[in-house]
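In this text, residue positions in the sequence shown follow my numbering: the first is 40, and each later residue adds one. Yeah, the Cβ is synthetic: ideal placement off N, Cα and C, and Gly gets one too. Quantities reported herein were computed from a predicted structural model and do not represent experimental measurements.
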Amino acid sequence: MLLKGNLAILLADLGRIDEAFKTARENFTGGEALGLLYSRAEGRRCLAHVHFKNGELDETVRLCDEVLELLGDAKSRVVRLWMGPLHIEALFFSGRREEASRRLAEYEAVVADCQAPRCDREVVRLKKLLEGE
């Protein structure tokens, strides 16, 4: 099931949106059926990515917000690390710059507590985006 979500993301990145939605929805449904926190959060994150690639920023933000609500105080960093850039970009491109900046600060704090060079690079990229460089 975890691979199905990644396949949906790849399909969306390739512009194969219909296939991406089908795959992401199957992944979402499977994650909900399992009832596991990580699977449920990942199902939403992958579906949010497809919506983002389809230009549906409000739905992207809604799904990302749902993930954060689901996670609550859980220390599930993996989902936060992978979803952070998507959430921040969706907020930024939908004109919610203050919220994007706040989320970036939160994301940077999570990244600082991990050994994730890819995420370190994402923080730099997102700061440039939000600063208009």
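Considering only the alpha carbon of each residue, which of E170, L86 and L168 lies closest to V106? Position 67 of the sequence shown, counting from 1, holds the residue named residue 106. For the set E170, L86 and L168, the Cα lying nearest the Cα of V106 is the one of L86.
Are the stretch 99 to 114 and the stretch 56 to 65 touching, with three or more C-beta to C-beta distances below 8 Å? Contact between the stretch 99 to 114 and the stretch 56 to 65 is absent, because fewer than three Cβ pairs lie under 8 Å.
Find the nearest neighbour of K92 within the set I127, R164 and L53, judged by alpha-carbon distance. In the sequence shown, counting from the first residue as 1, residue 92 sits at position 53. Of the candidates I127, R164 and L53, the one whose C-alpha sits nearest the C-alpha of K92 is L53.
Using the Cα positions of V163 and L169, report the straight-line distance between them to the nearest angstrom. To locate residue 163, count along the sequence shown from 1; it is residue 124. To locate residue 169, count along the sequence shown from 1; it is residue 130. For V163 and L169, the gap between their C-alpha atoms comes out near 10 Å.
Please look up how many angstroms separate the CB atoms of L109 and L76, rounded, as I've assumed it's under 8 Å. Along the sequence shown, read from residue 1 onward, the residue named residue 109 stands at position 70. Along the sequence shown, read from residue 1 onward, the residue named residue 76 stands at position 37. That belief holds up - the Cβ atoms of L109 and L76 are roughly 7 Å apart, short of 8 Å.
Roughly how many whole angstroms lie between the Cα atoms of A148 and R119? One-based indexing of the sequence shown puts residue 148 at position 109. One-based indexing of the sequence shown puts residue 119 at position 80. About 11 Å.
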